[in-house]
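Read the structure below first, then the notes.
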Amino acid sequence: MCKKIVALGCVAVGLAIFFSAGCKKKNADATAPVSVVNAVTVLQQDLPWTIEYPAQVAGSLDIQIRAQVGGILEARLYNEGEYVEAGTQLFQIDDKEYKVALEKAQGTLAQAIAQEKQTKRTYTRMKSLRADNAISQQDYDNALSAYEAAQANVKVAKAGVSNAEINLGYTKVTAPISGIAGKESQSVGSLVSAAGETGLLTTMVQINPLYVNFSMPSRQFEQLAAGFMSGQITIGTEEQRKSLSAENYRKVGAEDAPIYVEAVLANGRVYPEKGKIVFFDSTENTQTSSLAIKAEFPNPKNSRLLMPGQFVRVHLVGATYKNAILIPSSAVLNTQNGMISYVIDENDSLVARPIQAHLQDDMYIVTDGLKAGERVVSGGLAKVRPGQQVQVQMKEFSVSAEKEEVQPAQEDGRSVAELEKVIENAEAPDTQAVPNEAAQEAVPAAQETAPATK
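Residues -21 to -1, 1 to 433 in mature numbering (1 follows the signal peptide of the UniProt record, and there is no 0) are what the sequence shown spells out, letter by letter.
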């Protein structure tokens, strides 16, 4: 009997300890500190939409300077890489044989003219005699034919002189355009010809105006087109849109165009002249899923800030996103399954919400998944979980409706080689999303608990 009492006592003590520990654990959970998160309010406002693309500069004309006659290259008369005006002599080819050829042609012409004069006198006499029936018709016809043949010989001789003058002129190789003259392809003393590899002397590129080539992803073009059709995206002012036509657009400068292009250099500064779109491909490049675009930039001072072959970033400026839903980039978590934001509900609990959005500067324009006035977590998204109770600390989030002024680029006196080195060192920003463990865990929960709302 005593043993039973002792056993029951042990069980009672054990149960007491167990429930006591459980209560302590429950109390500990109840008093655990709530995580503090920074949050912002989702904004809705009109936003100037500037789209950025990688691009490459090209000259408006890029030509080869070739010898049009053969001979020894006697001199190079320009400095490689310098700007030259149209008509400037670049090379001199040995012209001695071409001078001789011209003199010979001139002598042949003199003979032809003399022969023409002689046959003309004979023809004049024969014509008078024929009128008096003093000679036969055959004699008259012979005199006329000789005179006409002499006239034709004069024309041939004149053409020979012109040809000889042209060939002599070709020995002076001049710049057909104003632009940058490149490196010589044939050294002084080389035998050049009008055909074949030895005919290439140098190249030239026209830098006023300049072209900047870039591509727009087809998906983004579809998004823009849909925005234009729905009125969610507008271009330029209302006055510009009313007066816009294909003919008007060709005539206006970039300053008056409803949409224009800025070129951003490797140092982050903006090229001082605005560009205008002059070509928009209507056929998609199936290999890159993009559409080719070409913008024309004036370069009135023949500046070297932009050079053919240089890589830059371009901004497409002039579009306005009407009533855009905006959140900071710190409120978006990129995952392998897409983007999510943590929405804070009325009970200060977190809901992982899948969203559709595109990056604009340091914020996102949300096209699906959020609405104005909602609260979203900003920063530290990898440390929170769906359903978590949080203490909210609101932060200010505002967006200026005005485009931020960027310092224009200035000539800095650097050589072409130094500028090329800067260009080579330029790096494009990495826009690849890096998924993390927390994001991958959050997406399934978001899909189950919080359907996207517009």
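Cβ atoms here follow ideal geometry from the backbone N, Cα and C, with glycine treated the same way.
Please read all numbers here as calculations on a predicted model, not as lab measurements.
Backbone CA spacing between residue i and residue j [nearest angstrom]
i	j	result
residue 89	residue 117	29 Å
residue 56	residue 150	13 Å
residue 45	residue 36	25 Å
residue 126	residue 142	25 Å
residue 264	residue 34	16 Å
residue 300	residue 342	14 Å
residue 304	residue 26	9 Å
residue 52	residue 248	44 Å
residue 273	residue 242	12 Å
residue 208	residue 199	14 Å
residue 5	residue 308	Confidence at residue 5 is low in this model, with a pLDDT of 47, below 50, so the placement of that residue should be treated as unreliable; the coordinate-derived value is given next. Residue 5 and residue 308: Cα-Cα distance of roughly 38 Å.
residue 203	residue 362	35 Å
residue 184	residue 32	24 Å
residue 130	residue 181	43 Å
residue 193	residue 286	15 Å
residue 157	residue 43	13 Å
residue 210	residue 302	11 Å
residue 357	residue 159	52 Å
residue 259	residue 28	19 Å
residue 138	residue 114	36 Å
residue 346	residue 338	11 Å
residue 94	residue 106	18 Å
residue 368	residue 348	21 Å
residue 375	residue 63	56 Å
residue 334	residue 340	18 Å
Sequence-distant residues of the same chain with beta carbon closer than 7 Å to residue i, five excluded per side
i	result
residue 78	147
residue 239	233, 253, 254, 255, 296 and 297
residue 324	330
residue 353	21 and 322
residue 145	none
residue 123	102
Spatially closest choice to residue i from the options, by CA coordinates
i	options	result
residue 162	69, 371, 379 and 341	69
residue 270	211, 212, 261 and 190	261
residue 443	218, 54, 370 and 39	Here the chain covers residues -21 to 433 and nothing more, so residue 443 does not appear.
residue 318	324, 336, 303 and 304	336
residue 86	165, 23, 183 and 132	132
residue 266	197, 241, 304 and 359	197
residue 364	348, 312 and 349	312
residue 71	328, 168 and 24	168
residue 379	368, 115, 23 and 81	23
residue 245	371, 119, 284 and 259	284
residue 166	376, 109, 59 and 360	59
residue 67	320, 155 and 97	155
residue 288	191, 350 and 212	191
residue 292	257, 136, 250 and 326	250
Three-way DSSP call (helix, strand, coil) for residue i in this model
i	result
residue 318	strand
residue 190	strand
residue 209	helix
residue 65	coil
residue 79	helix
residue 59	coil
residue 92	helix
residue 434	Residue 434 lies beyond the stretch modelled for the chain, which goes from -21 to 433, so this question has no answer here.
residue 262	coil
residue 87	helix
residue 71	strand
residue 103	helix
residue 49	coil
residue 185	strand
residue 166	coil
residue 284	coil
Endpoints, the alpha helix (DSSP H) within which residue i is located
i	result
residue 239	It is not in any alpha helix (DSSP H) - residue 239 instead sits in the beta strand (DSSP E) that spans 239 to 243.
residue 124	116 to 149
residue 379	Segment: none, residue 379 is in no alpha helix (DSSP H) and carries neither H nor E.
residue 346	Residue 346 -> not in any alpha helix (DSSP H); beta strand (DSSP E) instead, spanning 342 to 347.
residue 269	Careful: residue 269 lies outside any alpha helix (DSSP H), inside the beta strand (DSSP E) at 269 to 276.
Own chain partners of residue i with C-beta closer than 6 Å, once the 5 adjacent residues on each side are dropped
i	result
residue 214	237, 238, 297 and 298
residue 373	18
residue 172	49 and 178
residue 121	none
residue 112	none
Limits of the beta strand (DSSP E) - the one that residue i falls within
i	result
residue 26	22 to 45
residue 292	290 to 307
residue 256	255 to 259
residue 338	329 to 339
residue 356	354 to 356
residue 369	369 to 373
Sequence-distant residues of the same chain with beta carbon closer than 8 Å to residue i, five excluded per side
i	result
residue 188	39, 275, 276, 277 and 278
residue 170	49, 50, 51, 52 and 177
Beta carbon proximity, residue i to chain D, threshold 7 Å
i	result
residue 272	Here chain D cannot be found, since the structure has a single protein chain.
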